[in-house]
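Trainee:
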Amino acid sequence: MARIENGRQSIDTRSIRTISSSHTHIDDESSFGSDSELNGFVSERHTDKYGFIGGAQKYSEESAQDVPPEVLRQREVKWLDMLGHWDKWMVKRHDKVRLRCQKGIPPALRGRAWLYLSGGKVKREQNQGKFQELDSEAGDPKWLDVIEKDLHRQFPFHEMFVSRGGHGQQDLFRVLKAYTLYRPEEGYCQAQAPIAAVLLMNMPAEDAFWVLVQICEKYLPGYYSPGLEAIQLDGEILYALLRRVCPLAYRHLEKHKMDPILYMTEWFMCAFSRTLPWASVLRVWDMFLCDGVKIIFRVGLVLLKCMLGSREKLKACQGQYETMELLRALEPRYMQEGFLAREIVEVPVSARDIEREHHSQLKRWKKNRGELNFKSPPRMHGARVIMLAEPPRRQDLQQNPTIVVPVPPPTPQMKKAPKSREERSSIKKKKSGRKSSQTPEPIPNPYPIMEEPPPQTPPLLFTETHPASQPLPAQPLHSQSLPTEPLHSQSLPTEPLLTPSHSPPSPSSLSPSSPSPSSLSHSPPSPSSLSPSSLSPSSPSPS
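Per UniProt numbering, residue 1 is the first one in the sequence shown, and the count goes up by one each step.
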């Protein structure tokens, strides 16, 4: 991290020291802008629309695209609608969200949009009161001393951080200290300070903390861990992608043995916040928080291609030193907001390309250097992936079932066999709304209902001759005429007992002791049914 400390940050520090010594001294207890007041320097206090003082961002005004007020108001209305129905837009119309991020988020809604895009809003709701708890703790002294030394180096020309002890530096200290307590295994890295400062320019301290957590855990995991192994891996990935995007620049860097870590560390770890004009920084961050780290790779590839992609420029770079000086002094025309946004969209590098190259470089790393000392969590490419990986609302995390019904173990009949082609086609027809001609197979009930057995009728005992001791009483003959002669088992009726028209008798002609209409209308009675014992025993005896 010495390069970051000795780069533009140290130049900005010397510049503000020169200004303060050549004019009147700065009162740390007073306020500049909203914080401090410069005695004798009030007339010189001119800030641009981003809050930078007196030309500190000299390319910002030239780089910024002028958006008409009417167009800006229309974009604000559209973004308010999206933020009001965020989950719906991210799931169903994510391409439209990406397009609007590429056009640039309205300044009035940028902080809120970054909070939603990064997933910081969900993270904050899942950990309500966590930031206040961390803010109230003392912190590790070894990290607090380093953070204190870095506070005045973060954008010293911005009205929010120009005063030592102002509210900007106080909030920056709170956010960085809270992160060291939130992730004590990582601690503090100097490149986290400009990231947190950019966030604080657009949102409150608590929101900035949770967006910083999301950037360190989801967008750039492992970048700020001890050893900086993740940034070295991404340097090799950038080198491999450059070979495909701009072979001329790749061959030049290969010829002069230019390790990617020499020129891309500050770019990637600070997300270009120390490299580009401020208008371009905000535009890049709009796309970065929407689409993930592939935007950072694309910006790096665009700058390398523009600075080293022509033979005329390479003639002036005869060695490693000249090449490094060229990459440090980027031409302003290549950093303009409109030009850079168009070139970023055109670079043919996707998240899948980055993951494929990451897998290849990781295998090479393990072969040459062994296992990684710090295993970072997997990287998530963009806001939609982050949203789908976590519940959208905090109350969804607290929904527990109130009634737990144990699921019975599946029976052998319930185990589904592999579906045949006909079954798959019938399922597709059902999904498309067409009725299938095949009848559905019955699903066996694992708990069958035991049916009651049918009532058993007492068996009728038929005897050809009856004992004389128990003579059968004579039964009265009803409207259904029966044969008058005694019926024996040997004598069978020669014709059925139905009328010649074979129509069933009327209900009025049936007595309680007569056979049922259904038995008379279908078949002739059997000889056994015409015996005297077939008469109902419940019939009254003759008087």
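C-beta: ideal position from N, C-alpha, C; glycine also.
This structure is a prediction, so every number in the text was calculated from the model and none was measured.
For residue 173 and residue 205, I'd like the C-alpha separation in whole angstroms.
Mentor: 10 Å
Trainee: Taking DSSP as the reference, what is the three-state secondary structure of residue 288?
Mentor: helix
Trainee: In the structure shown, what three-state DSSP assignment does residue 268 receive?
Mentor: Residue state, collapsed to three classes: helix.
Trainee: Under 9 Å, do residue 212 and residue 196 count as touching if we go by C-beta distance?
Mentor: With respect to the 9 Å criterion, residue 212 and residue 196 are classified as neighbours on the basis of their beta carbons.
Trainee: Residues in the same chain with beta-carbon distance under 8 Å from residue 386, minus the five sequence neighbours each way, listed in chain order, please.
Mentor: Here the set comprises 118, 119, 214, 218 and 380.
Trainee: With a Cβ-Cβ cutoff of 9 Å, do residue 115 and residue 124 count as a contact?
Mentor: Yes, these two residues count as a Cβ contact at 9 Å.
Trainee: If you draw a straight line from the C-alpha of residue 223 to the C-alpha of residue 377, how long is it?
Mentor: 11 Å
Trainee: With DSSP run on the structure shown, which of helix, strand or coil describes residue 256?
Mentor: coil
Trainee: How about residue 110 and residue 286: are their beta carbons less than 9 Å apart?
Mentor: The answer is yes: Cβ separation under 9 Å.
Trainee: Could you check the C-alpha separation between residue 220 and residue 310 for me, to the nearest Å?
Mentor: 31 Å
Trainee: Can you name the residues that DSSP bridges to residue 52?
Mentor: 158, per the DSSP bridge assignment.
Trainee: In chain order, what are the residue ranges of uninterrupted alpha helix (DSSP H) at least 4 long that sit wholly in the region 318 to 361?
Mentor: If we require 4 residues or more, the alpha helix (DSSP H) runs fully inside the region 318 to 361 come out as 320 to 328 and 337 to 346.
Trainee: State whether the region 296 to 307 contacts the region 317 to 330, with contact taken as three or more CB pairs (one from each stretch) at a distance under 8 Å.
Mentor: The region 296 to 307 and the region 317 to 330 touch, with no fewer than 3 CB-CB distances between them shorter than 8 Å.
Trainee: Select from 179, 184 and 332 the residue whose C-alpha is nearest the C-alpha of residue 193.
Mentor: 179
Trainee: Can you tell me which of the three DSSP states residue 275 falls into?
Mentor: coil
Trainee: Determine the burial state of residue 169: buried for a count of at least 16 other Cβ atoms within 10 Å of its Cβ, exposed for fewer.
Mentor: buried
Trainee: So who's on the other strand from residue 47, going by DSSP bridges?
Mentor: Paired residue(s): 53.
Trainee: Taking all protein chains shown into account, do 16 or more other C-beta atoms lie within 10 angstroms of the C-beta of residue 356, making it buried, or fewer, making it exposed?
Mentor: exposed
Trainee: State the CB to CB distance for the pair residue 349 and residue 294, rounded to an integer number of angstroms; the pair is presumed to be in contact (CB under 8 Å).
Mentor: 6 Å
Trainee: Touch check for the region 315 to 325 and the region 257 to 265: three-plus C-beta pairs under 8 Å?
Mentor: yes
Trainee: Hey, would you say residue 299 sits closer than 9 Å to residue 344, going by beta carbons?
Mentor: yes
Trainee: Could you give the DSSP three-state label for residue 380: helix, strand or coil?
Mentor: coil
Trainee: With a threshold of 8 Å, are at least 3 pairs of Cβ atoms found where one atom belongs to the region 351 to 365 and the other to the region 237 to 255?
Mentor: yes
Trainee: Give me the Cα-Cα distance between residue 209 and residue 131, rounded to the nearest whole angstrom.
Mentor: 8 Å
Trainee: With contact counted as at least three CB pairs below 8 Å, one residue from each stretch, are the region 92 to 102 and the region 269 to 279 in contact?
Mentor: no
Trainee: Exposed or buried, what is residue 46 when buried is set at 16 or more other beta-carbons lying within 10 Å of its beta-carbon?
Mentor: Looking at its Cβ environment, which holds fewer than 16 other Cβ atoms inside 10 Å, residue 46 is exposed.
Trainee: Please identify the residue among 384, 107 and 148 whose C-alpha is closest to the C-alpha of residue 289.
Mentor: 384
Trainee: For residue 171, which residues in the same chain have their Cβ closer than 7 Å to its Cβ, ignoring the five residues on either side in sequence?
Mentor: So the list reads 200 and 205, once near-sequence residues are dropped.
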